[in-house]
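Some notes on the structure that comes next.
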Amino acid sequence: MGRSDGRRIRSIDPITRFMGYIMKHRWDSCNQVTWEFDSDKVDAYLKARKGGEGPHITLMAVIIAAYVRTCSQFPFINRFLVNKRLYAHNDISVSFVTLKSDWDGVGDQPETVVKVHFDGSETLDEVAERLEAAIVLNRAPDNANSVDRIAGSILKLPGLPSSIVGFLVWLEKHGKLPAALIEASPFHCSMFFTNMASIRGPVLYHHLYEFGTCSTFLALGFSTTRPRSFALGVTLDERITNGAGFVRASRFMEQMITHPDKLETAPADVKADIA
């Protein structure tokens, strides 16, 4: 029986397939790069859209929409490895942390993790609407999403959290993790996004989680080399495709970020990954 969140890729070249045997973990398979992009064009676009018809468009929405569009045209960046096997995600899912609104000013500000699904055909407005709806829902003080409920339930069992997590890791490795847990898990996603710029933070390079299926982490922050400019810290699992593929996809995504108007219409088609 196959996985509920992806399908096995078998026709990839032997070198790429062999990488999973040489580099067995995500933490030793990471490539990291900084994307410095021309924020003037994006800022002008956001300013022009502000107060107009349609949803509120943010830089975060532009970047996630650009990623979704890139996956639709370069599906090989939407892959993951589990137990040395290469898979294609069934859809495009993005996880991110959102702050709760009931902080009392003491201690850490409460937060939760949200996962949003896309199929690759979405426009910028559709992505923005979906993100805004998820944030509003999960910021409600009395709302606990599935991530919060599962984590809270495990932590209530004295002496068992480590054993339970170990069992879940075993189930994941052997493709037996229930679909409901995969859906609840923020670590089972195409890309994890963090918006350091929203808290006035610099660009950083986030690690990839060993548990789950996330092969890409994007961190938006302020550039350390260009005053008042933004940059993306990108962490990638190099085992999912070759360097030439990453470069082609990154150039396309940069064009989408710096020309957001291209995201206002749906793509002509959504390309499928190889078998």
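Numbering (the numbering used here), first residue to last: 2 to 276.
Heads up, the beta-carbon is just placed ideally off N, CA and C, and yes, glycines get one too.
Is V83 near T195, with beta carbons less than 8 Å apart? Against a cut-off of 8 Å, the Cβ pair of T195 and V83 comes out as no contact.
Suppose you measure from the CA of D126 to the CA of T236; what does that come to, to the nearest Å? 27 Å
Cβ shell of V284 (< 8 Å), same chain only, five flanking positions each side left out: The question about residue 284 has no answer here: the residues shown for the chain are numbered 2 through 276.
Alpha helix (DSSP H) runs contained entirely in the region 22-71, provided each spans 4 or more residues: If one requires a minimum length of 4 residues, the alpha helix (DSSP H) runs lying completely within the region 22-71 are 40-50, in chain order.
Taking I136 as part of the alpha helix (DSSP H), name the residues at either end of that continuous run. 125-140
Less than 8 Å between C-beta atoms, sequence neighbours within five positions excluded: which residues of the same chain meet that for E37? The answer, listed in chain order, is S224, T226, R227, S230, A232.
In the DSSP assignment, find the beta strand (DSSP E) that holds V95 and state where it starts and stops. 93-100
Could you give the distance in angstroms between the alpha-carbon of G55 and the alpha-carbon of G234? Cα-Cα distance, rounded: 29 Å.
The alpha helix (DSSP H) with T259 in it runs from where to where? 244-259
Selection from K25, C190, I165, C31 that minimises the alpha carbon distance to H208: C31
L138 to L132 span [Cα, whole Å]: 10 Å
Quick one: what's D238 bridged to in DSSP? C31
Within 10 angstroms of its Cβ, does D6 collect 16 or more other Cβ (buried), or is it exposed? Buried is the label assigned to D6, since at least 16 other Cβ atoms lie within 10 Å of its Cβ.
I'd like the list of long-range same chain contacts for S216, defined as Cβ closer than 6 Å, with 5 residues on each side in sequence excluded. F81, D238, I241
G167 lies in the alpha helix (DSSP H); which residues open and close that run? Per DSSP, the continuous alpha helix (DSSP H) segment holding G167 begins and ends at 162-174.
Inter-stretch contact at 8 Å, needing at least 3 Cβ pairs: the region 59-79 / the region 181-190: no
Buried or exposed for G3, going by 16 or more other Cβ atoms inside 10 Å? exposed
Here's the rule I'm using: 16 or more other beta-carbon atoms within 10 Å means buried, otherwise exposed. How should G222 be labelled? buried
For the beta strand (DSSP E) containing E112, list its first residue and its last residue. 112-119
By DSSP, does T17 sit in helix, in strand, or in coil? Shown here, T17 sits in a helix according to DSSP, grouped into three states.
Buried or exposed: where does P187 fall if 16 or more other Cβ atoms within 10 Å of its Cβ makes it buried? buried
Can you give the beta carbon distance from I275 to I78, rounded, assuming they're within the 8 Å contact cut? About 13 Å separates the beta carbons of I275 and I78, which is beyond the 8 Å limit, so they are not a contact pair.
Whole-angstrom C-beta distance between F212 and F97, which should lie under 8 Å: That pair is no contact at about 17 Å.
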